[in-house]
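Listed in order, the protein sequences are those of chains A and B. Heads up: the first sequence is residues 140 to 564, going by this note's numbering. Heads up: the second sequence is residues 140 to 564, going by this note's numbering. Encoded as structure tokens, the structure appears first; notes follow it.
There are 2 protein chains.
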Amino acid sequence: MESYSFLFDLAIIILTTKALGIISNKFHMPQVVGALLAGLVFGPACIGVIQNNDFIEITAELGVVVLMFSTGMETDIKELKESGKSSFFIALCGVLVPLIGGFLVAQYFNQPDRIPSDASSTLFLQNLFIGVILTATSVSITVETLKELGRLKTRSGNAILGAAIIDDILGIVALTVITSFTDSSVNIVFVLLKILAFFLFAAVAGVCFYKLYSWWSELAHRELHRHVVFAFAFCLLMAYCAEELFGVADITGAFIAGLVLSGTKKSHYIAAKFDVLSYLYLSPIFFASIGLKVALPEMTGTIVAFSLVLVVVAVLTKIVGCGVGAKICGLETYESQRVGVGMVSRGEVALIVASKGAALGLLGSDFIGPIVIMVVITTVITPILLKIVYKKDPDMISTIDDDGFAKNYEIQERLRQFSQTHSKI
Amino acid sequence: MESYSFLFDLAIIILTTKALGIISNKFHMPQVVGALLAGLVFGPACIGVIQNNDFIEITAELGVVVLMFSTGMETDIKELKESGKSSFFIALCGVLVPLIGGFLVAQYFNQPDRIPSDASSTLFLQNLFIGVILTATSVSITVETLKELGRLKTRSGNAILGAAIIDDILGIVALTVITSFTDSSVNIVFVLLKILAFFLFAAVAGVCFYKLYSWWSELAHRELHRHVVFAFAFCLLMAYCAEELFGVADITGAFIAGLVLSGTKKSHYIAAKFDVLSYLYLSPIFFASIGLKVALPEMTGTIVAFSLVLVVVAVLTKIVGCGVGAKICGLETYESQRVGVGMVSRGEVALIVASKGAALGLLGSDFIGPIVIMVVITTVITPILLKIVYKKDPDMISTIDDDGFAKNYEIQERLRQFSQTHSKI
């Protein structure tokens, strides 16, 4: 390490995400919107004061891991189980509808006289691949927004969390199926077995850690730092195993680690410490890094048209797919709307999938720009849309599930903090 | 970023620094010792499970910046000013004595029939350069140890802090003088002017930030997150400017930023949040990274002998130099001992100086190994020695300054936390 420019980069990121976050708040938008814009405005896409680099990218990845770990700790495992079936159905609809929508849009634009493609696969596979890109939900933006609005612990919040995890698994399956057509080394059965193995592993590791931790925490209950540190190590190991050993997303491993801890006595204390790590350091870098990755492409008229259509289809297919799925599972209409909107954001997952596809000859180079635009717009509008759908107060009778809980949540939180500080003194 | 191995590295670092820290505690040594050993044992020097890399190195640098920032916030600016004169004298003696000691040791060993040197400078400059390497104190280990022992806010603690900052400046001057003999682009007058300019800049920036912050914090006094975030941005900018614009150490800039904030109302709240960031994430990485940098060199009998003599001289010259300096300035004998011991640790500064010297032909390649060994040993024994000298209880009459304060400190700290949590609810 020779240069100290990381100090400058960090200062700009931490300052601008907060400043634009405050400005967003003044316009009645969640702070997340401002944080996302900070990376766009000060990154290579506009002013170019800061550039993306390995350090920022790794720290950002750690940021989303910690975010999902905290979310796991705050999730009620019982409620998540209860919403399991409907989550699966929501995720399935939310994968199929965008898959078909993306395929149809690509079918229209991916032609030699419209947008000529330089990819090596058949047109059918290429078009299907654009559908696959549209399936990937990035739940972290939604989670942060719901936390900010105090609505994470609602029925719709739980449904979104469950559906996002399953969406991730279905996304891996879809990606594997399509790449197995071009890359003979990819075996779909093997991938499915690995996913299955991961959940077995997670269950065994979770139970072992829980028992070991419960036994140990009786011995060392006064040394609170240790609880936080060992919890962090467990989170990191689960995230690592998920990604490297089983091919599942690291955030899924971190979320499960959080779920395991959610049942322990010290989980609120631990979660409070990770909150500090997130808001002070990791989250600003994560949100800014999304914007930093964006370099706006050269555009022709047809590519602009394709981009716009892709954005509209991306937004609508998720809202409709997940919303209808939720409605069929018995959620209220306003809850179904919320679930649909919560799944709109695509984020970095779509970009990773796209770059894999480009390497395999499944995606023409002219299509990468519109996908970047789709990711940016879906990511920035998700928190704005969420604020709108969570603001609408449904009639009083139906507020018991979704709103009653949220209103109580803040009061409960304060009471908990009060009793905690008293037990510490 | 393609690999997720950073998750594994972080898990091992966070787990082993804490585990070895707890074991150190069982042997009545500060936790810092265990954290330092973790990097040595699990790094390339022994087991080799984790390797140093850019991400770890940058995060470690940020760790020491935040550590010195927190230290600045906890420092009483008035007491630091009062100890200013004696700090300068302590630092001066603590630079001159090791400089001469190192020169004499090198004079004996740096001969063709003992350790042949492949450096291009004259033998006189080479030997002087080894003296320069011995002048650089790394105060962060001492700061962490004194924090752990609850003794940072003592007269000796203040003297160490002040002397370490001045030591850093004197070290830069010494390095500049010697490199100006081999590198014609280095101009000592220019370097001195830049150092002077830095302190002017720091004073102006500090006053401006203090006024702006005091005005703003009246407006936004309820949004506590913002205070912490803007304080962090100020710290990062000061660290960056110190290093990149003025050639002063980044930690000096961060320490001054902390000093500026120490006078504000919210400084205890802000310091508590940075404590979490440090113990949970940044500090373990910083301490482990010191050990990770160590790759033990091939050794001949003479090189082993040189290493041992160098270690002894490095330890004794700092204890004697700073200790005698402190005694002359009117500190009690036991306080002078503490100051001397607190300045023993060399840490990463000596390694950076050594690698610069090697590049300029001032240091033979066979001399790098012994310097690494000297750095490791002085770093690991400093917290052990500190615990010993801070344990010895002097007779009651003289405890008012150093010990009375420390004993009160913990009680005051608890009271402050109590009143803080009450004002929050």
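Note that CB positions come from ideal geometry on N, CA and C, so glycine has one too.
Measuring only between beta-carbons, confirm whether residue i sits less than 8 Å from chain A.
i: Lys165 of chain B; result: no
i: Ile272 of chain B; result: no
i: His407 of chain B; result: no
i: Ile491 of chain B; result: no
i: Lys412 of chain B; result: yes
i: Leu449 of chain B; result: no
i: Tyr420 of chain B; result: yes
i: Phe337 of chain B; result: no
i: Tyr143 of chain B; result: yes
Take residue i and list the residues in its own chain whose beta-carbon comes closer than 6 Å to its own, dropping the five residues that flank it on each side.
i: Phe166 of chain A; result: none
i: Gly202 of chain B; result: Leu421, Ser422, Ile424 and Phe425
i: Val515 of chain B; result: Val433
i: Leu431 of chain B; result: Gly178, Gly182 and Asn191
i: Ala370 of chain A; result: Leu400 and Ile409
Of all Cβ atoms in chain B, is any one closer than 8 Å to the Cβ of residue i?
i: Arg485 of chain A; result: no
i: Ile305 of chain A; result: no
i: Asp193 of chain A; result: yes
i: Val415 of chain A; result: yes
i: Phe394 of chain A; result: no
i: Phe371 of chain A; result: yes
Spatial neighbours of residue i within its chain, please: C-beta separation below 8 Å, excluding the five flanking residues on both sides.
i: Tyr143 of chain A; result: none
i: Thr518 of chain A; result: Leu175, Ser277, Ile280, Ile429, Ser484, Arg485 and Gly486
i: Ala410 of chain B; result: Ser209, Met212 and Glu213
i: Ala150 of chain B; result: none
Between residue i and the rest of its own chain, which residues show a CB-CB distance below 7 Å, the 5 nearest in sequence each way excluded?
i: Ile395 of chain A; result: Gly211, Ala341, Gly345 and Met377
i: Thr318 of chain B; result: Val325 and Leu499
i: Ile550 of chain B; result: Low local confidence applies: a pLDDT of 49 at Ile550 of chain B is under 50, so the model's placement there is unreliable, with the coordinate-based value given in what follows. Excluding residues within five positions, none has a Cβ falling inside 7 Å.
i: Val528 of chain B; result: Gln476, Arg477 and Val480
i: Leu262 of chain A; result: Asn249
i: Val367 of chain A; result: Ile409 and Lys412
i: Phe145 of chain B; result: Phe194
i: Cys468 of chain B; result: Ser225, Phe228 and Ile229
Could you tell me whether the Cβ atoms of residue i and residue j are closer together than 8 Å?
i: Leu176 of chain B; j: Leu159 of chain B; result: yes
i: Thr276 of chain A; j: Ala303 of chain A; result: yes
i: Phe587 of chain A; j: Phe348 of chain A; result: Summary: the structure shown does not reach residue 587 of chain A, with chain A confined to residues 140 through 564, and so no result is reported for it.
i: Val387 of chain B; j: Ile311 of chain B; result: yes
i: Ile458 of chain B; j: Gly486 of chain B; result: no
i: Val452 of chain B; j: Gly233 of chain B; result: no
i: Gly397 of chain A; j: Cys380 of chain A; result: no
i: Asp567 of chain A; j: Val204 of chain A; result: An answer regarding residue 567 of chain A cannot be provided, because it is not within the stretch 140 to 564 covered by chain A.
i: Phe194 of chain B; j: Phe194 of chain A; result: yes
i: Leu501 of chain B; j: Ser260 of chain B; result: yes
i: Asp583 of chain A; j: Ile197 of chain A; result: Past the boundaries of the shown model lies residue 583 of chain A; chain A is included only from 140 to 564, so the question cannot be answered.
i: Leu219 of chain B; j: Thr274 of chain B; result: no
i: Asp257 of chain A; j: Ser504 of chain A; result: yes
i: Ile305 of chain A; j: Val316 of chain A; result: no
i: Phe320 of chain B; j: Leu235 of chain B; result: no
i: Val492 of chain B; j: Leu314 of chain B; result: yes
i: Ile229 of chain B; j: Gly508 of chain B; result: no
Which chain C residues are close to residue i, counting only those with a beta carbon under 7 Å from its beta carbon?
i: Phe426 of chain B; result: Looking at the structure shown, chain C is missing, and the protein chains on hand are A and B.
Next item on the list: Output, in sequence order along the chain, the residues in the segment 373–389 of chain A whose CB is closer than 7 Å to any CB in chain B.
Entry: Shown in chain order are the members of the segment 373–389 of chain A whose Cβ falls below 7 Å from a Cβ of chain B: Leu375, Leu376, Ala378, Tyr379, Glu382, Glu383 and Asp389.
Item checked: Uninterrupted alpha helix (DSSP H) stretches inside the segment 369–436 of chain A (no shorter than 4 residues) -> If one requires a minimum length of 4 residues, the alpha helix (DSSP H) runs lying completely within the segment 369–436 of chain A are 389–401, 406–416 and 422–431, in chain order.
Notebook entry, point to check: Any residues in the segment 344–368 of chain A with a beta carbon nearer than 8 Å to a beta carbon of chain B? Which ones, in chain order?
Noted result: Cβ contacts with chain B come from His364, Arg365, Val367 and Val368.
Notebook entry, point to check: Residues in the segment 160–191 of chain A with C-beta within 7 Å of chain B's C-beta atoms, listed in sequence order?
Noted result: Cβ contacts with chain B: none found.
Notebook entry, point to check: In chain order, which continuous runs of the alpha helix (DSSP H) of length 4 or greater are located wholly inside the segment 237–302 of chain A?
Noted result: Counting only runs of 4 or more, we get 262–274 and 279–288.
Notebook entry, point to check: Unbroken beta strand (DSSP E) runs of length 3 or more, entirely within the segment 297–344 of chain A: which are they?
Noted result: Not a single unbroken stretch of the beta strand (DSSP E) spanning 3 or more residues falls wholly within the segment 297–344 of chain A.
Check: Going along the segment 147–159 of chain A in order, which residues come within less than 7 Å of chain B, judged by CB to CB distance?
Finding: Listed by position, the residues of the segment 147–159 of chain A near chain B (Cβ gap below 7 Å) are Phe147, Leu149, Ala150, Ile153, Leu154 and Lys157.
Checklist line | Interface residues of the segment 195–220 of chain B facing chain A [CB-CB below 8 Å] | finding: Within the segment 195–220 of chain B, the qualifying residues are Glu196, Ile197, Thr198, Glu200, Leu201 and Val204.
Notebook entry, point to check: Can you give, in chain order, each stretch of the alpha helix (DSSP H) that sits fully within the segment 436–517 of chain B and has at least 4 residues?
Noted result: As far as the segment 436–517 of chain B is concerned, its whole alpha helix (DSSP H) runs of at least 4 residues are 440–467, 472–481 and 486–498.
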